[in-house]
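S.K.: All letters in the sequence shown, in the order written, are residues 3 to 224 by the numbering used here. No residue lacks a Cβ here, since even glycine has one placed at the ideal position from N, Cα and C. In this text, all values refer to a predicted model and were calculated from it rather than measured experimentally. Below you will find the structure I want to go over with you.
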Amino acid sequence: MAFSEQQIFERAEPTLQVMQQVSGEWTWDEMTPAAFQALLTSAREAQGNAADKKSDYDLQRGTVNGLFDDLEARKVQGIGMAKFRFRAERDKLEMVSSVGEYGSAREDVLKESEEWAGAWNDIAPDWAPTTSNTLAAFNTLLDTARSENSELSAKKVAARRAGVDLNEVLAQLQDACVAWYGQATRVFPAGTPSGDLIRGQIPTFSDAGTPTPPTPAPAPTP
3 MAFSEQQIFE RAEPTLQVMQ QVSGEWTWDE MTPAAFQALL TSAREAQGNA
53 ADKKSDYDLQ RGTVNGLFDD LEARKVQGIG MAKFRFRAER DKLEMVSSVG
103 EYGSAREDVL KESEEWAGAW NDIAPDWAPT TSNTLAAFNT LLDTARSENS
153 ELSAKKVAAR RAGVDLNEVL AQLQDACVAW YGQATRVFPA GTPSGDLIRG
203 QIPTFSDAGT PTPPTPAPAP TP
C-alpha cells in the first residue's frame with residue numbers, strides 16, 4: 003500500500019466532513035455520505051482488531067520465549083551434568099551424548115527436549131541434576147511449552163488475518179477518497195465556495211508520503 007494507515011485516515015476524516023457539507027449540492031453516485039461513514043467506521047474497527055490481535059500475539063510470544071528459555075536451560079544443565087554423572091557407564095553415556103544439546107529454533111528445542119526426556123527416563127528416571135530440575139518437572143514444562151507454542155501459532159495466524167482484513171478495508175477507503183475527490187473537484191471548480199472547501203480541507207499525499215499543498219483558488223478579477 004502506497005499510503006500509511008495514518009495518511010489514509012487523515013484524508014478520510016475530512017473527506018467525510020466535506021462530503022456531508024456539499025451533499026445538498028451534489029451527492030456522489032457511487033457512495034452516499036452515510037455509506038462512506040460506514041466504510042470509515044469499518045476501517046477503524048478493523049484497525050482496532052488488528053492492534054488487539056497483534057498485542058495478543060506479542061504477549062503470547064513473550065510467554066513462549068520465557069518457557070523455551072527455561073526448557074533449554076534445564077535441558078542443557080541436565081545433559082551436561084548427566085555426562086559427568088554417568089561417565090563410567092558407557093551405554094548410558096552414549097544415550098546422553100546422542101541427544102542434541104544446544105537447539106536454537108523452537109522446533110529444535112522441542113525435538114531435543116523430547117529426546118532428552120526419553121533418554122532421561124530410560125537411563126535413571128529418579129536421578130535429578132538439581133532438586134528443582136527433576137524429570138517430572140521437566141516433562142511438565144515440556145508439555146506446557148508445546149501447548150503454549152501451539153497457541154502462539156494460532157495467534158500468529160489470527161494476527162496475520164486481521165492485518166490482511168485491515169489492509170483490504172483501508173484500500174477500499176483510500177480508493178473511495180481518491181475517486182470522490184477526483185470527481186468532486188470537477189463538479190466544483192476552484193474559486194467556488196464548495197470547490198475551495200474541498201481543495202482547502204482535504205489533504206492529498208504523494209506516493210512518497212509528502213502532503214500535496216491544496217490547490218489555490220484563482221486570484222479575483224480586478
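Between Gln176 and Ala186, what straight-line distance do the alpha-carbon atoms span, to the nearest angstrom?
M.R.: So the alpha carbons of these two residues sit roughly 15 Å apart.
S.K.: Candidates Ala45, Leu144 and Val98: which alpha carbon is nearest Glu109's?
M.R.: Leu144
S.K.: Identify which residue in Ala164, Asn141, Met33 and Ala48 has its Cα closest to the Cα of Asn123.
M.R.: Asn141
S.K.: Quick test of your reading: Leu18 and Phe38, contact by CB under 8 Å. State the CB separation rounded to the nearest angstrom.
M.R.: 6 Å
S.K.: For a test of the three-state rule: what should DSSP assign to Thr132, helix, strand or coil?
M.R.: Thr132 falls in the coil class under three-state DSSP.
S.K.: How many angstroms separate the CA atom of Gly50 from the CA atom of Ala161?
M.R.: 12 Å
S.K.: Between the C-alpha atoms of Ala14 and Val20, what's the straight-line distance to the nearest angstrom?
M.R.: 10 Å
S.K.: By the DSSP assignment, the alpha helix (DSSP H) with Met97 in it spans what residues?
M.R.: Arg92 to Ser99
S.K.: Closest by CA to Glu150, which one among Gly165, Ser25, Glu114 and Asp60?
M.R.: Asp60
S.K.: With contact counted as at least three CB pairs below 8 Å, one residue from each stretch, are the region 79-96 and the region 162-181 in contact?
M.R.: Fewer than three beta-carbon pairs drawn from the region 79-96 and the region 162-181 are found closer than 8 Å, and the two stretches are therefore not classed as touching.
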